[in-house]
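Student: Sharing a structure here in structure tokens format.
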Amino acid sequence: MRARAAALLLLGAPALFAQPGSDQRAYLELFVNDVSRDTVLVYLRGAETPDDALVAVDDLEKGGLRGLRGTRELHDGREYVSLRSLAPEIEFRFDPQALAVRIVAQPGLLEATAIDLRPVVRPPGMVLHRDTSAFLNYSVTADGHGTLSGAGEVGASFRGNLGFTGFSVLPDHSVVRGLSYFLVDDPGEMRRVQVGDAIGLSSELGGTAQLSGISVTREFSLDPYFVRQPLPKLSGAILTPSTLDVYMNGVLLRQQQIAPGPFEVRNLPVGSGVGQVSYVVRDAFGRTQEFASPYYSASGVLADGISEYGYHLGFRRIGFGEESLHYGPPELLARHRFGIGDKITLGYRFESALQRSDGTSLLASGGPTFALALPVGELDLDAAASADGATTGAAGALSYTVFTRRLSVGASVRGMTPGYSNLATPAAADRPLLQLRGAVGAPLLPRVNVVLEGQLNSMRDTGLSSALTVRSDVHISNTLSLSLSVSRLRSPGVGPEWLAFATLMYSFGSSTTGDLGGSAGSHAGTATAGVQKSLPLGEGWGYQLRSTFDRDQPTSGLGQVQYQGPYGSYVASYDRIGGGDGATATAAGSLVLVGGNWMASRPVQEGFALIQVPGLEGVRGFLNNQEIGRTDGGGNLLIPALQPYYGNRLRIGDADIPIDYQIGAIEKVVATTARGGALVSFDVQRVTSVKGLIRVELDGRTTVPAFGELTLDARLKSPLGAEGQFWFGNLGAGAHAAEVEFREGTCRFALTVPNDAGASVNLGTISCRGGRVASAQ
């Protein structure tokens, strides 16, 4: 391109410079702040030495310039702007040696560069599956007296919507319904609509309720990659191409080349509390500029424009776990919070119910909520008023928290009048008229952390209680740690009581840990010892052994063995408490339907996936690099523990696949809906070396398509020899659409490779018969 520009300029230059006062047309290389953009047509203006240049506006915009004004002219139907008229924001220079026009623009006219450093990034290629699926989880428990009990869960997912119910079988063989609901999730809006049983949550001064009705909530878990709280950001501007280094608390987070212009680094991955973010910019000449700024990240504050809500309306579920269809009066629970700027979050809550007590009375409770991110720390304030029939009340709560690398502090005060009420606390119930809580934690030494906690409750009916605790965690080594605590407790009408705990923990590796501990108090003392091995993510064993020695009670102990297999999980335990012996055994499993395939499995938890490696047994399957199991005789493996809406990495062991198979992708990033299933097939095909001879039946005679070409499935090609020979090195079993092109025309037929062909097969002579031959034109 530069050679072309030189030729155009040099050929036209004598004539152009021979016409003083006229515009000189030339194709020049356009540089914007030392970055080559393109070769563009330029009108150079000036009597002898050009002192102005006209460049097309769209060429400048393509070069990254924005918001241009200046003097405009039309040439050949295109709008040009005078570079001289753009001063002082833009400076330019004609470089006849390099055949270029060089522009230096102020950062405000350049395209901005945005760098997103959010803590968790959606994996590329992630696929959200909404496959039709169903599951039945079951559990059966028997004790040493022959008593049986059980539990079950049934769920079905269609287009990402979930119908679910749980149940329990009590020792008297009665069946009690658990939670039953139908979910409709909208991941794009992070909104969940739940019809049926739901648990409504509120704020600090509110209550909770288990309702059967309808709920609409904002669920951030529907998009685990969404950033809901304000995170620090950095911004700046540069005039030349530079290298940007971004630091958080002195640790390098990102190094990146950036173009001239404004830049912004967003969503710096910081933890809660105080810290410092900074950047260093180095240009091509070694010049640097530095910037540092402290920050405080408040976990309870929402980012600007983000809202969080929950609206629940239904009938109170009574006797959960004991009764199936016992409901109370209708109740309403609502909460909503809004992020305003990056410092303030405002909200409200409201609760209402028909309380049945000596007739029917109306309960109403609600008030505003407020969260503020301070330069150091976070402040939360709630206020409320209530009416429970004729009884009214009010309440307020204030809390302050601050976290630094060397200190964490939290303090709160909550007070309420004697008649304040909410859904969880009716006016007649006892409650703390004043509650004070506080905690201070700090690392005294590199391996020693100390926390001081205190709480004071002034109850309306029972009086004053308090607790003061000092805890310390000592990391002696990478495998050995010690936990210590001392507490002073005081209950209404009882003198102060002291309690002390100590636990020494050791990690043996391979998910096995052991511990020794003891406690001493004003009235009792115990010693404990135990060793346990946790279950693996896939198949394997786990166990727990524990003994407790009490100076006033018989020795107690627990022994438990667990096995997690491909089709279920099993637990057998023996315990001795208070001189009595007990034993239980539990078997749990699941029947799963996904993609039209029924599978037996251990209980599915959240999401699940059926891996298919067609026809291959014994291929290992991995979830996030953890081995889960091996495929069965049909090439299937069920993975029962996927995180919904999260990018789960499913992989197969390519080393387990025979050498005569062709392997496509061995890893896929899969997301499921809530308790939904995904059918994940891996492209693994057996390939065979295939050879043979082709004959064409043409006009009643057999023709050898010598030196023609055989094409399979419109993509695989083999030349034909003098005798019509063909050869394919990696051909899958089954029928293939075949086409022979030869001197006398084209013939189409189906070429079939047997399923049991082995590594190589000679198909012999294959005829393409009449009626399928198109004569050459």
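Taking the numbering used here, the leading residue of the sequence shown gets 162, the next gets one more, and so forth.
The beta-carbon is built from N, C-alpha and C at its ideal position, and this holds for glycine as well.
By the 10 Å Cβ neighbour count, where 16 or more other Cβ atoms means buried, how is K829 classified, buried or exposed?
Tutor: Burial call: buried.
Student: Do F192 and I264 come within 8 Å of each other at the CB atom, strictly closer than that value?
Tutor: Yes, they are a contact pair.
Student: So K223 is in the alpha helix (DSSP H); what residue range does that whole segment cover?
Tutor: Residues V218 to K223.
Student: Could you tell me if Y807 is buried or exposed, where buried requires 16 or more neighbouring beta carbons within 10 angstroms of its beta carbon?
Tutor: It counts as buried.
Student: Is the number of C-beta pairs between the region 561-579 and the region 589-599 that are closer than 8 Å three or more?
Tutor: Flag = yes, the region 561-579 and the region 589-599 touch.
Student: To the nearest angstrom, report how far apart Q450 and L221 are at their CA atoms.
Tutor: Rounded to whole angstroms, Q450 to L221 spans 28 Å at the Cα level.
Student: If you scan the region 843-917 from start to end, which runs of the beta strand (DSSP E) of 3 or more residues do you find wholly inside it?
Tutor: 845-859, 862-864, 870-873, 877-880, 886-893, 895-903 and 906-914, all fully within the region 843-917.
Student: Compute the Euclidean distance between the alpha carbons of S522 and E788, then round it to the nearest angstrom.
Tutor: Their Cα atoms are separated by approximately 58 Å.
Student: My assumption, with CB atoms under 8 Å, is that G527 sits in contact with A545. Please give the rounded CB distance.
Tutor: The Cβ separation is near 6 Å, so the contact holds.
Student: Compare the C-alpha of T552 against each of R781, P529, G538 and A590 and name the closest.
Tutor: Considering only alpha carbons, the answer is A590.
Student: State the beta-bridge partners of V647 as determined by DSSP.
Tutor: Paired residue(s): V631 and A661.
Student: Measure how close the beta-carbons of A534 and A459 come, nearest whole angstrom, since I'm counting them as under 8 Å.
Tutor: At roughly 4 Å, the Cβ-Cβ gap stays under 8 Å, so A534 and A459 are in contact.
Student: Just the C-alpha distance for T200 and F424, rounded to the nearest angstrom, thanks.
Tutor: Their Cα atoms are separated by approximately 26 Å.
Student: What does a CB cutoff of less than 7 Å around S373 pick up in its chain, not counting 5 residues either side in sequence?
Tutor: Hits under 7 Å: G357, D358, G475, F476, R478 and Y488.
Student: Can you look up R415 in the DSSP assignment and give me helix, strand or coil?
Tutor: Three-state DSSP puts R415 in a strand.
Student: Whole angstroms is fine: what's the gap from R198's alpha carbon to G436's?
Tutor: Each residue's Cα considered, the two are about 40 Å apart.
Student: Closest Cβ-Cβ distance between Q714 and chain D: below 8 Å?
Tutor: Looking for chain D here will not work: only one protein chain is present.
Student: Looking at C-alpha atoms only, which residue of Y188, H497 and E272 is the closest neighbour of L229?
Tutor: The residue with the shortest Cα to Cα distance from L229 is E272.
Student: Take M148 and list the residues in its own chain whose beta-carbon comes closer than 8 Å to its own, dropping the five residues that flank it on each side.
Tutor: In this structure the chain extends from 162 to 938, so residue 148 is not present and cannot be described.
Student: Would you say the region 811-827 touches the region 743-756, given that touching needs at least three Cβ pairs under 8 Å?
Tutor: These segments do not touch.
Student: Beta-carbon within less than 8 Å of A259's beta-carbon, same chain only, minus the 5 sequence neighbours each way: which residues are those?
Tutor: Hits under 8 Å: E190.
Student: Run the CB neighbour count on I637, radius 10 Å, all protein chains shown included, and call it buried at 16 or more, exposed below.
Tutor: Exposed.
Student: Which of the three DSSP states is assigned to L278 in this structure?
Tutor: It is coil, neither helix nor strand.
Student: CA-CA distance, S671 and L698?
Tutor: So the two alpha carbons sit approximately 13 Å from each other.
Student: Determine the DSSP secondary structure at A359, reduced to helix, strand or coil.
Tutor: Reduced to three states, the DSSP call for A359 is strand.
Student: Apart from the five residues just before and just after F381, which ones in its own chain have a Cβ nearer than 8 Å to its Cβ?
Tutor: Excluding residues within five positions, the ones whose Cβ falls inside 8 Å are M351, F387, R389 and E469.
Student: Using C-beta distances below 6 Å, list every residue in its chain close to A532, excluding the 5 sequence neighbours before and after it, in chain order.
Tutor: Hits under 6 Å: G461, V462, T506 and D541.
Student: Please determine, among T913, V218, E209 and G324, the residue with the shortest C-alpha to C-alpha distance to G837.
Tutor: Closest by alpha carbon: G324.
Student: Quick one: measure Cβ to Cβ for L486 and N428, integer angstroms, because I've assumed they're closer than 8 Å.
Tutor: Their Cβ separation, rounded to whole angstroms, is 48 Å, which puts L486 and N428 out of contact at 8 Å.
Student: Alpha carbon to alpha carbon, what distance is there between Y408 and P249?
Tutor: Cα-Cα distance, rounded: 34 Å.
Student: Suppose you measure from the CA of Y342 to the CA of G554; what does that come to, to the nearest Å?
Tutor: Each residue's Cα considered, the two are about 35 Å apart.
Student: Leaving aside the five residues before and after V692 along the sequence, list all residues of the same chain whose C-beta is less than 6 Å from its C-beta, in chain order.
Tutor: Only G675 and L706 meet the Cβ criterion.
Student: Which of helix, strand or coil does DSSP assign to L392?
Tutor: Coil, per DSSP.
Student: Taking DSSP as the reference, what is the three-state secondary structure of S921?
Tutor: S921: strand per DSSP, three-state reduction.
Student: Thinking just about the alpha-carbon of each residue, which of L413, R649, E902 and G305 is nearest to the one in G743?
Tutor: Nearest option by C-alpha distance: G305.
Student: Taking all protein chains shown into account, do 16 or more other C-beta atoms lie within 10 angstroms of the C-beta of Q416, making it buried, or fewer, making it exposed?
Tutor: Per the 10 Å Cβ criterion, exposed.
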